[in-house]
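Residue 140 in the numbering used here is what sits at position 156 of the sequence shown, and the numbering runs on without skipping anything. Heads up: the structure comes next, in structure tokens.
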Amino acid sequence: GGGFKMAVGNGIITGEQKFGDQIRFRNTAKMTFACNEIPTVKEINDDAYYGRWLIWLFDNVVTGNKINHSLEKELTTTEELSGLLNWSIEGLIRLIKNKKFSNENSSEENKELMIKKGSPLGDFALSVLEKSDGDKITKEEMYDWYCKYCELHRFSPITIIKLGNQLLRYTPFLRSEKSGSTRYWL
């Protein structure tokens, strides 16, 4: 996270010319990343990290086996290209006027989205669990609910031990407690 923040936050970073000396420079390149899954982040409570992302989800699924072999021809007509140019100019004017992208999320919105998309356990914790003072659930029941959630959403569940070790990252309001031989989440 720290290296990413330096690279996109106008900081001085170190690079190296191939077979050459190290150099220090201020990055001016715009970075674009594409991935099938958002990677998990070690430090999930870093608002500065999440505030530096512009996220576009490409989650439309094209179904069916009918291929449109003339799609390129249809999309590159003079009329379509003119419409695309007009749409792009409208977007540029809006970007200049607002001084930010229209779909720019807050760091908190990015954090929630990246945690949910990057970790099945994070998705479960943020989507299902809520703070309720005085309530408790056994660790086995919690794991059963987690496994049902994973099955419903086609995630691969982690083990009960990993759940116990990682759940507090996403739910700081939980506490682990033991009564006799029964272990609980409060």
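C-beta atoms are modelled at their ideal positions from N, C-alpha and C, and glycine is treated no differently. Note that the structure is predicted; figures quoted are calculated from it, not measured.
Partner residues in the beta bridge of F9, as assigned by DSSP, are I(-3).
Counting only residues of its own chain and dropping the five nearest sequence neighbours on each side, A(-9) has a CB closer than 8 Å to the CB of I(-3), N11, M15.
Judged by DSSP secondary structure, E92 falls within the alpha helix (DSSP H) whose first and last residues are 91 to 102.
For G102, the CB contacts under 8 Å within the same chain, skipping 5 residues up- and downstream, are E21, I22, P23, T24, V25 in chain order.
When the Cα atoms are used, H137 and K(-11) turn out to be separated by approximately 32 Å. Secondary structure of R153 (DSSP, three-state): helix. In the structure shown, the three-state DSSP call for R167 is strand. Following the DSSP letters along the chain, one finds L79 inside the alpha helix (DSSP H) bounded by residues 62 to 82. Remark: three or more beta-carbon pairs, one from each stretch, lie closer than 8 Å, so the segment 98 to 116 and the segment 147 to 162 are flagged as touching. In this structure W40 is exposed. Its beta-carbon is surrounded by fewer than 16 other beta-carbon atoms within 10 angstroms.
Per DSSP, F3 lies in no alpha helix (DSSP H) and is assigned neither H nor E. By the Cβ-count criterion, K50 is exposed, with fewer than 16 other Cβ atoms from all chains shown falling within 10 Å of its own Cβ. Per the Cβ contact rule, the segment 107 to 120 is not in contact with the segment 52 to 63 (fewer than 3 Cβ pairs under 8 Å). For V(-8), the uninterrupted alpha helix (DSSP H) segment begins and ends at -14 to -8.
Collapsing the DSSP output to three states places K14 in coil.
Going by DSSP, H137 is part of the alpha helix (DSSP H) stretching over 123 to 137.
In the same chain as Y130, and ignoring 5 residues on each side of it, the C-beta atoms closer than 8 Å to its own belong to L105, F108, P141, L147, in chain order. Pairing R153 with I28 gives a Cβ-Cβ distance under 7 Å. When the beta-carbon positions are compared, Y34 and K95 come within less than 7 Å of each other.
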